[in-house]
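Q:
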Amino acid sequence: MVCLQVRFTGKIETMNIRYHSGFDLLQRRGLKPDARLQRTTGEQGQQATDTGRSVLCAHCTFPITTRDQRRTMQGMHEHTFANPHGIIYRIGCFRNAPGCSVLSEEYKEFSWFDGFVWSHAACFACGTHLGWKYDRPGECFFGLVLDRLVEKEEH
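Per this note's numbering, residue 312 is the first one in the sequence shown, and the count goes up by one each step.
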């Protein structure tokens with residue numbers, strides 16, 4: 312349980328919300344989230360060994376994207392947002408996520424990125440909600456929930 316204080320029209324409200332990280336599911340499946348994937352800044356000049364490594368759905372291990380698809384938005388790869396219901400998401404921005412299915416129509420309300428509309432995105436294989444696809448004329452990207460992804464270990 313996380314306690315979150317939010318300011319609405321000058322008044323501070325305290326909300327208790329449930330935040331599920333997905334780490335329990337990973338541990339039950341014997342997988343470990345990659346701390347570098349979760350805490351990356353998306354800066355240029357990353358090591359060549361990081362490019363092309365598969366990023367998988369943590370629920371079913373279906374390939375979603377690769378590390379070399381990371382991108383920055385508003386100066387960062389990683390962002391933390393709360394939706395209108397108070398649920399907190401830590402997302403990473405990716406240029407493309409071919410392992411995602413876009414599940415909904417586009418919405419412009421409550422977009423976390425100015426000028427972009429968004430749609431729900433889920434794992435193509437198991438249907439787990441992984442994040443959102445953001446679109447505006449001439450540009451699109453995926454904002455994926457980092458706690459719902461795992462990086463494939465190189466052997």
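Beta carbons: idealized from backbone N, C-alpha and C, even for Gly. Please read these numbers as outputs of a predicted model, since none were measured by experiment.
What did DSSP end up calling ASP446 once you bin it into helix, strand or coil?
A: Looking at ASP446 - three-state DSSP - the assignment turns out to be strand.
Q: Measure the Cβ-Cβ separation of ARG378 and ARG401 and say whether it is below 7 Å.
A: Not in contact: ARG378 and ARG401 (Cβ atoms no closer than 7 Å).
Q: Buried or exposed: which applies to GLU464, given that a residue is buried once 16 or more other Cβ atoms fall within 10 Å of its Cβ?
A: Counting Cβ neighbours within 10 Å, GLU464 comes out exposed, since fewer than 16 surround it.
Q: Assess contact between the segment 413-431 and the segment 367-378, defined as three or more Cβ pairs (one per stretch) separated by less than 8 Å. Is contact present?
A: These segments do not touch.
Q: For THR376, count neighbouring Cβ atoms within 10 angstroms of its own Cβ and tell me buried if that reaches 16, exposed if not.
A: Buried, since its Cβ has 16 or more Cβ neighbours within 10 Å.
Q: Could you have a look at LEU367 and say whether DSSP puts it in helix, strand or coil?
A: The answer is strand: DSSP assigns LEU367 an E or B state.
Q: So is LYS444 buried or exposed if we call it buried at 16+ other beta carbons inside 10 Å?
A: Classification for LYS444: buried.
Q: Measuring CB to CB, does SER415 end up less than 7 Å from HIS431?
A: In contact: SER415 and HIS431 (Cβ atoms closer than 7 Å).
Q: Start and end of the beta strand (DSSP E) containing PRO374?
A: Residues 374-377.
Q: Out of curiosity, what's the CA-to-CA distance linking LYS419 and TRP429?
A: Cα to Cα, the separation comes out at about 6 Å.
Q: On the DSSP letters alone, give me the boundaries of the beta strand (DSSP E) that ILE402 sits inside.
A: From DSSP, the beta strand (DSSP E) with ILE402 extends over 399-405.
Q: So, CYS404 versus GLY449, is the Cβ gap smaller than 7 Å?
A: Not a contact, by the Cβ cut-off of 7 Å.
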